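Okay, structure first, notes after.
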Amino acid sequence: MSGDALAGREVLLVVGGGIAAFKSALVARELQRRGAGVETVLTPAGQRFITGVTFAGITGRAARVDLWDPSYPGELHIALTGRADLVLVAPATADLLARMAHGLGDDLATTCLLAARGPVVVAPAMHPRMWEHPATRANVALLRARGVVVVGPVVGPLASGESGIGRMVEPGEIVDAAARALTPQDLAGCRVVVSAGGTHEAIDPVRFVGNRSSGRMGYAIAIRARDRGADVVLVSGPSALPTPEGVTVERVRSARDMRDAVMAAAGAAQLVVMAAAVADYRPSEVAAEKIKKSDDELVIRMVKNPDILAELGASRHEGGPMLVGFALETSDLVERAREKLVRKGCDLVVANLAADGFDGDDNRVTLVTPGAVTPLAPMSKASVADHILDHFASHRAR
Numbered sequence: 006m007s008g009d010a011l012a013g014r015e016v017l018l019v020v021g022g023g024i025a026a027f028k029s030a031l032v033a034r035e036l037q038r039r040g041a042g043v044e045t046v047l048t049p050a051g052q053r054f055i056t057g058v059t060f061a062g063i064t065g066r067a068a069r070v071d072l073w074d075p076s077y078p079g080e081l082h083i084a085l086t087g088r089a090d091l092v093l094v095a096p097a098t099a100d101l102l103a104r105m106a107h108g109l110g111d112d113l114a115t116t117c118l119l120a121a122r123g124p125v126v127v128a129p130a131m132h133p134r135m136w137e138h139p140a141t142r143a144n145v146a147l148l149r150a151r152g153v154v155v156v157g158p159v160v161g162p163l164a165s166g167e168s169g170i171g172r173m174v175e176p177g178e179i180v181d182a183a184a185r186a187l188t189p190q191d192l193a194g195c196r197v198v199v200s201a202g203g204t205h206e207a208i209d210p211v212r213f214v215g216n217r218s219s220g221r222m223g224y225a226i227a228i229r230a231r232d233r234g235a236d237v238v239l240v241s242g243p244s245a246l247p248t249p250e251g252v253t254v255e256r257v258r259s260a261r262d263m264r265d266a267v268m269a270a271a272g273a274a275q276l277v278v279m280a281a282a283v284a285d286y287r288p289s290e291v292a293a294e295k296i297k298k299s300d301d302e303l304v305i306r307m308v309k310n311p312d313i314l315a316e317l318g319a320s321r322h323e324g325g326p327m328l329v330g331f332a333l334e335t336s337d338l339v340e341r342a343r344e345k346l347v348r349k350g351c352d353l354v355v356a357n358l359a360a361d362g363f364d365g366d367d368n369r370v371t372l373v374t375p376g377a378v379t380p381l382a383p384m385s386k387a388s389v390a391d392h393i394l395d396h397f398a399s400h401r402a403r
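Right, here's the structure in full:
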């Protein structure tokens, strides 16, 4: 299942009449960047905020505005929705949500929404008082009950100059929601625990021993597992990456903190992926105050940290979770990965050379199992994540 769920898909973007309509152009651009074809329909109110020319320039396709378009001889709403894999409404105003909820179909946008047969995603945007009105709340609840995916709104600055709930979520989040809606939910009902990032082992109150891990690989696994329907717990060491929506995140600093969090979460899991770069050693003592620069040398005595992966492997019972480890090496990649597979009790080891995967969006890995060695071509970390999850899904289906 590797690759973006939007690649090669057709999305019908419906633009409602609100100031957030200007962001819909960015939504269209991001959909295209991720490989989707985009058709655009503007409501009459939407045309007051942004023109169809903008969307035509971005998508390469004429924006549609009129149910009775004389240039199209057939039923335009049927043709547009017949090609669409997904309908995305952004912004979805209070009026448009109400018309959707009550099944109105008196313009091109609403007739398209009535004719849609694939997933429908809406991104509401309006003033807080309109969002909180009982009628709007009831309309949104009704749409959710029908399977419409509602993403946002969020708290933030509004066009009125006020701040509150009602701001449309950012274009990237809207497109992520669309991708999730198109992703088969083959991991639904599974609990997946993922560790990510490095650990910081304190030397004194301001210094620590750490490594260069960015956490990108672990975060990619957590996000793709979420997209495929899993209940995901991400145990993250220090990382600059944003918290993924829809994922339970436990933030830790040291290896011992990570050990406690992973072991607590792993008991109910069907899959545990130890993607974190856990420090093997820590200072035996942590100075209570900042160490001053005085001598020419500073000697720090180090002691071993707990081996979380080995503990997970040793404590697994019959029917316990599948265990995936990572092996970052500078040489003898496959041999060391095979040795780690046996020594740590893993079902799969994802091996890569240090030069191939640090702090970037791409990686080149080799998957090592008891029965096979599978080198993968260089690819995005999201695609690597899908290969790992595909292995789990195929194992689960047996």
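Going by the working numbering, 397 is the number at position 392 of the sequence shown; the sequence numbering is gapless. C-beta atoms are modelled at their ideal positions from N, C-alpha and C, and glycine is treated no differently. No experiment lies behind these values; they were computed from the predicted model shown.
Buried or exposed, going by whether 16 or more other CB atoms sit within 10 Å of the CB of residue i?
i, result
"residue 428", "Outside the displayed span of the chain (6 to 403) sits residue 428, for which this structure offers no information."
"residue 158", "buried"
"residue 248", "exposed"
"residue 140", "exposed"
"residue 23", "buried"
"residue 353", "buried"
"residue 116", "buried"
"residue 176", "buried"
"residue 137", "exposed"
"residue 168", "exposed"
"residue 45", "buried"
"residue 396", "buried"
"residue 9", "buried"
So, for residue i: in the same chain, excluding its five sequence neighbours on each side, which residues have a beta-carbon less than 8 Å away from its beta-carbon?
i, result
"residue 341", "332, 334, 356"
"residue 269", "none"
"residue 351", "314, 318, 328, 329, 330, 345"
"residue 215", "203, 204, 205, 206, 243, 284"
"residue 172", "25, 130, 157, 158, 159, 160, 161, 162, 163"
"residue 37", "43, 63, 64"
"residue 393", "226, 278, 329, 353, 355, 372"
"residue 367", "383, 384, 385, 386"
For residue i and residue j, I'd like the C-alpha separation in whole angstroms.
i, j, result
"residue 27", "residue 54", "7 Å"
"residue 220", "residue 242", "8 Å"
"residue 43", "residue 186", "16 Å"
"residue 126", "residue 91", "8 Å"
"residue 398", "residue 391", "10 Å"
"residue 258", "residue 174", "30 Å"
"residue 400", "residue 280", "20 Å"
"residue 106", "residue 370", "48 Å"
"residue 287", "residue 240", "19 Å"
"residue 339", "residue 375", "12 Å"
"residue 69", "residue 33", "14 Å"
"residue 39", "residue 295", "48 Å"
"residue 155", "residue 170", "14 Å"
"residue 18", "residue 66", "12 Å"
Once DSSP output is grouped into helix, strand and coil, what is the label at residue i?
i, result
"residue 144", "helix"
"residue 389", "helix"
"residue 299", "coil"
"residue 257", "coil"
"residue 230", "helix"
"residue 339", "helix"
"residue 236", "strand"
"residue 305", "coil"
"residue 35", "helix"
"residue 224", "helix"
"residue 131", "coil"
"residue 122", "coil"
"residue 174", "coil"
"residue 374", "strand"
"residue 356", "strand"
"residue 151", "coil"
Grab me the residues of residue i's own chain with a C-beta within less than 6 Å of its C-beta, minus the 5 sequence neighbours each way, in chain order.
i, result
"residue 102", "144"
"residue 21", "48, 51, 96, 97, 98, 101"
"residue 326", "274, 275, 276, 277"
"residue 246", "220, 224"
"residue 349", "314, 315, 318, 330"
"residue 264", "311, 313"
Closer than 7 Å: is that where the CB of residue i sits relative to any heavy atom of the ligand FMN?
i, result
"residue 322", "Looking at this structure, you won't find the ligand FMN or any other ligand, since it has none at all."
Identify, in the order they occur along the chain, each residue of the same chain with its Cβ nearer than 7 Å to the Cβ of residue i, setting aside the five sequence neighbours on each side.
i, result
"residue 337", "none"
"residue 72", "81, 82, 112, 113, 116"
"residue 59", "30"
"residue 299", "none"
**Message:** Can you confirm whether the region 191-204 touches the region 225-235 when touching is taken to mean that 3 or more C-beta pairs between the two stretches lie within less than 8 Å?
**Reply:** Yes: the two stretches touch, three or more of their Cβ pairs being nearer than 8 Å.
**Asked** Is the number of C-beta pairs between the region 283-303 and the region 207-214 that are closer than 8 Å three or more?
**Response** The region 283-303 is in contact with the region 207-214.
**Prompt:** Contact between the region 111-122 and the region 79-91: three or more CB pairs below 8 Å?
**Reply:** Yes: at least three Cβ pairs fall under 8 Å.
**Item:** Touch test, the region 178-186 against the region 131-148, Cβ-Cβ under 8 Å, three pairs minimum
**Value:** With the cut-off at 8 Å, the region 178-186 and the region 131-148 do not touch.
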